[in-house]
Amino acid sequence: MKLYLVRHGETRSIQQNLLTGWLNSPLTGTGIQQSEILADKLSSVKFDLILSSDLQGAKETAMIISNKIEALLLFEPLLHERGLGKLENQTKENRDWAQLNIENEENYFRY
Numbered sequence: 001m002k003l004y005l006v007r008h009g010e011t012r013s014i015q016q017n018l019l020t021g022w023l024n025s026p027l028t029g030t031g032i033q034q035s036e037i038l039a040d041k042l043s044s045v046k047f048d049l050i051l052s053s054d055l056q057g058a059k060e061t062a063m064i065i066s067n068k069i070e071a072l073l074l075f076e077p078l079l080h081e082r083g084l085g086k087l088e089n090q091t092k093e094n095r096d097w098a099q100l101n102i103e104n105e106e107n108y109f110r111y
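One point on numbering: in my numbering, the residue at position 52 of the sequence shown is 52, and numbering is uninterrupted.
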């Protein structure tokens, strides 16, 4: 058995330098192109199953790949990225750590 791990294409939140966590963010035009290129590269591989997070960027990426390679596609909420709570939808530069009641920024991102 071989396991292929794929990260979703560029999303709007990545493009805007936002921390996403569990928020849904659609693929950008670049993210769609990235997914299509990857689908083409994977088209010669036989897949039994694609298992994807059900968050929007991952879901859209998986659908593009699945449509190209004609594999069964299942969405699994347990594959979500880690939730970032109050940090979600904040820009990396403009977050106010004191307001978010986070004592140590370095330790928060360590895990």
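Note that beta-carbon positions come from the ideal geometry of N, C-alpha and C, so glycine has one too.
Three-way DSSP call (helix, strand, coil) for S52 in this model: Residue mapping note: residue 52 aligns to position 52 of the sequence shown, counting from 1. In the three-state reduction of the DSSP assignment, S52 falls in the strand class, which pools E and B.
Where I37 falls, given that 16 or more other Cβ within 10 Å makes a residue buried: The residue labelled residue 37 in the question sits at position 37 within the sequence shown. I37 should be labelled exposed.
Three CB pairs or more closer than 8 Å across the segment 14-26 and the segment 61-68: The segment 14-26 is not in contact with the segment 61-68.
Under the three-state DSSP convention, the category L23 falls into: Start at 1 with the first residue of the sequence shown, and residue 23 comes out as number 23. L23 falls in the coil class under three-state DSSP.
Cα-Cα separation, E34 to G9: The residue given as residue 34 occupies position 34 in the sequence shown. The residue given as residue 9 occupies position 9 in the sequence shown. A quick correction: the sequence has Gln, not Glu, at residue 34. For Q34 and G9, the distance between alpha carbons rounds to 6 Å.
Status (buried if at least 16 other CB within 10 Å, exposed otherwise) for Y111: Position 111 of the sequence shown, counted from the first residue, corresponds to residue 111. Reliability of the predicted coordinates at Y111 is poor, the pLDDT of 44 falling under 50, and no value is obtained from them.
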